Amino acid sequence: MSKDGDLLDQAALMRRVEGDRLLLERMVRAFADDWPRSLQAIRDSLSRQDALGVQNAAHALKGSVGNFCAPNAYGTVLKVEMLGRAGDLSEAGAASQDLESLLQELTKALQQLIEDQGSGVRGQGSEGSE
Amino acid sequence: MAKATASTNGVRTTVLVADDDKSTRILLAHHLEKAGFQVLLASNGREAIEMLSDAITVALFDLNMPEVGGIECLQYARKKYADAESIIITASTEVAHAVQAMKSGAFDYLTKPVNVDELVALVRRTARTAQLKRENRQLRQAIGLPKSPTTFIGESPAIQKILSMVEKIAPLDSTVLITGESGVGKGVLARMIHYAGPRAQAPFVTVSCTAMPRDLVEAELFGHEKGAFTGAHERRPGRVEMAEGGTLFLDEVGDMPLDLQPKLLHFLQDRAFQRIGSNSTVDVDTRVIAATHQNLEALCRDRQFREDLYFRLNVLRINIPPLRERPDDITRLADHVLARIAQRRAVDALELAPEALEALVSYPWPGNVRELENVLERTTVFATDQTITLEELPPAVRGEQGPAVPPAAGGPSGHKLGGMSLEDVERIAIGETLELCNGNKAEAARRLGISKKGIYNKMKHLGLS
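Right, here's the structure in full:
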């Protein structure tokens with residue numbers, strides 16, 4: 000898989016939403032609204048040294064990230080969850096920072112995909128544009 | 000193809016999706032709706048429990064929801080809505096939890112990220128099983144297997160009088176008309192009359208005139224011959240015939256379609272009928288018990304109910320008073336309900352703290368015994384200790400929303416109802432109940448003793464938004 004594909008597997012995501020741009024847009028809007036709160040919940044738990052809280056907050060975020068065919072962000076949020084589960088919070092802080100950067104990149108990539116799909120609809124049909 | 004599997008008798012199968020992640024709800028709802036299902040969405044476990052109803056065929060619960068998790072929702076659904084089947088959605092790292100879900104009675108589980116093709120296929124399969132289960136239960140009910148012991152609880156003079164009437168009425172063959180508000184226990188009393196009489200070994204067959212689509216009522220009641228209408232692939236006996244030797248219970252008879260009333264009248268007069276598509280008459284020996292929460296005399300005046308049919312039904316009449324008129328019965332009823340819940344869950348019965356019991360006795364119970372059962376069922380799910388405290392009861396019962404006791408001059412609304420049109424009374428009742436339930440229509444419908452579809456129809460008719 001390409002580097003871009005590691006961030007966002009566009010083809011898989013478009014199959015998942017059956018090429019429906021509006022559906023994608025609604026999902027992305029919900030995701031972009033929600034992930035900062037979930038990330039904050041991870042940070043709050045970290046500051047309290049609450050490993051179970053880290054695990055639960057990361058677990059909830061993982062469910063959401065999993066919808067977007069984003070291997071890097073999914074792998075990183077899974078790592079944070081596992082660190083929480085193991086009670087090892089020494090690396091979790093750095094991992095959650097990586098996660099934030101990845102989620103920001105992912106959100107941009109998703110918004111770009113929506114735009115590309117929009118121009119695709121107007122110009123060349125709804126599928127296949129990257 | 001999708002439509003065929005996502006609907007029964009033309010009615011779309013309803014699926015509840017409960018997940019605290021919005022993007023997941025959006026994705027799942029899209030694919031299920033596209034497959035022909037009607038989808039209801041809940042954003043947490045509490046909301047899911049509130050939204051559960053008889054109308055839901057399949058429920059999908061995310062395992063990890065804050066406060067009330069998927070397993071608790073599943074257990075509640077299994078206890079309260081046994082016909083529905085549940086699917087647990089779990090993250091792929093939680094195999095042990097998936098096993099726990101299956102042990103708790105889930106039909107199956109899905110792992111996240113959810114594969115949408117797998118989702119639709121599994122929900123279809125689950126819906127088919129749930130529908131078969133529902134049909135099986137209805138058939139068992141139709142042939143008269145009692146679903147629960149037939150006891151009518153109450154020590155108040157009014158209930159004692161009813162129980163002594165039952166003793167006298169049970170051995171007879173005369174038609175009985177049971178009246179009373181929704182949820183007072185008309186069906187329980189009808190069963191009691193049947194099982195206390197000489198027909199106890201024969202079927203007790205229920206026909207709910209409300210639950211069935213209008214076009215199906217005649218076929219359900221009287222059956223049909225093969226080829227009588229499109230879709231009648233084989234001869235099918237009606238409920239009247241199934242009640243041979245036993246009792247036919249016509250629930251909510253006030254909702255009987257007007258154009259079908261002459262045929263019912265003919266049956267009551269002659270204990271004979273014709274299947275749809277047949278010219279020959281079938282004789283049956285069955286006792287009839289009818290029940291309604293409606294004022295049949297008023298329906299007759301409004302020409303919604305035939306007077307001659309009313310007189311045929313109104314032979315022996317029992318009116319069950321609403322629970323608010325017999326608060327003395329509430330303590331025993333609550334104990335009985337808690338004991339029954341405990342027996343079903345194989346645990347010790349929960350007790351009520353004195354203040355909690357006092358609140359139950361003071362509350363006017365617009366939904367009567369059914370509402371009391373629902374409140375206790377729900378409260379026991381969330382109770383943290385062996386004793387139910389006042390705080391664990393719903394706000395309305397605690398008297399925090401609306402008055403706990405109806406004012407002497409009017410109903411709970413404080414309105415004087417005399418002289419009002421029935422439409423206005425309905426408008427007030429529905430409006431205030433919705434307010435009491437924070438706009439939750441399913442809950443309001445339950446409290447009002449009508450179906451969810453019924454509340455939507457009434458709101459539309461009465462211009463309530």
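Chains as they are written, first to last, in numbering that gives the first Met the number 0: chain A, 0 to 129; chain B, 0 to 464.
The C-beta atom is built at its ideal place from N, Cα and C for all residues, glycine as well.
Predicted, not measured: the structure shown is a model, and the values here were computed from it.
For Q385 (chain B), the three-state secondary structure derived from DSSP is coil. Looking at the backbone, the Cα of A189 (chain B) and that of L23 (chain A) are separated by about 54 Å. Around the Cβ of A355 (chain B), a 10 Å sphere holds 16 or more other Cβ atoms; the residue is buried.
Among the residues facing chain B, A29 (chain A) is included, as its CB has a counterpart in that chain under 8 Å away. Look at the stretch 335 to 367 of chain B and you find no whole run of beta strand (DSSP E) that is 3 residues long or longer. Judged by DSSP in its simplified three-state form, Q74 (chain B) adopts helix.
Beyond the five residues adjoining it in sequence on each side, G186 (chain B) comes within less than 8 Å, by CB distance, of T205, F248, D250 and A290 in the same chain, given in chain order. The three-state secondary structure of S155 (chain B), taken from DSSP, is coil. Taking 8 Å as the CB threshold, A59 (chain A) lines the interface with chain B.
Using a Cβ-Cβ cut-off of 8 Å, D33 (chain A) is close to D20, K21 and S22 of chain B, given in chain order. Taking the CA atoms as reference points, L337 (chain B) sits about 8 Å from T379 (chain B).
Chain A has a Cβ within less than 8 Å of the Cβ of A90 (chain B).
For R286 (chain B), the beta-bridge partners assigned by DSSP are B:T246. The criterion of a C-beta distance shorter than 8 Å is not satisfied by L51 (chain B) and A28 (chain B). Annotation: Cβ neighbours of M26 (chain A) in chain B (cutoff 7 Å, chain order): S22, I25 and L26. Scanning chain A for C-beta atoms nearer than 8 Å to the C-beta of H96 (chain B) yields nothing, as the closest lies near 11 Å away. Selection B:E350, B:L433, B:K452 and B:S450 evaluated against L375 (chain B) yields B:E350 as nearest (Cα-Cα).
What L102 (chain A) touches in chain B, judged by beta-carbon distance under 7 Å, is nothing: the nearest beta carbon there is about 13 Å away. The beta carbon of R446 (chain B) is closer than 8 Å to those of P365, G366, E370, T432, L435 and C436 in its chain, skipping five residues each way along the sequence. Looking at the backbone, the Cα of L176 (chain B) and that of E425 (chain B) are separated by about 24 Å. When CB distances to chain A are screened at a threshold of 7 Å, the residues of the stretch 62 to 87 of chain B falling below it are N63, in chain order. Within chain A, the C-beta atoms nearer than 7 Å to that of V115 (chain B) come from R15, in chain order. The beta-carbon separation of L315 (chain B) and S173 (chain B), rounded to 5 Å, stays under the 8 Å limit for a contact.
Neighbours of L22 (chain A) in chain B, taken as residues whose beta carbon is under 8 Å from its own, are I25, L26 and H29 in chain order.
Here DSSP, grouped into helix, strand and coil, assigns R11 (chain B) to strand. Judged by DSSP in its simplified three-state form, R316 (chain B) adopts strand. Your pair A41 (chain B) and A47 (chain B) checks out as a contact, with CB atoms roughly 4 Å apart and the cut at 8 Å.
Its Cα nearest to that of E217 (chain B), the residue B:F272 stands out among B:F272, B:T178, B:G182 and B:A195. DSSP places H223 (chain B) within a strand segment (E or B) once states are collapsed to three.
Chain-order list of chain B residues neighbouring G65 (chain A): K111 and P112, by C-beta distance under 7 Å. For the 8 Å CB-CB criterion, V16 (chain B) and L59 (chain B) form a contact. Under DSSP, no beta-bridge partner is assigned to L77 (chain A).
In the DSSP assignment, S85 (chain B) falls within the unbroken beta strand (DSSP E) covering E84 to A90. Residue pairing by DSSP puts F60 (chain B) in a beta bridge opposite B:A17 and B:I87. The Cβ-Cβ distance between I192 (chain B) and A169 (chain B) falls below 8 Å. Excluding five sequence positions before and after A444 (chain B), the CB atoms of its chain that fall closer than 7 Å to its own CB belong to S450, K451, G453 and I454, given in chain order.
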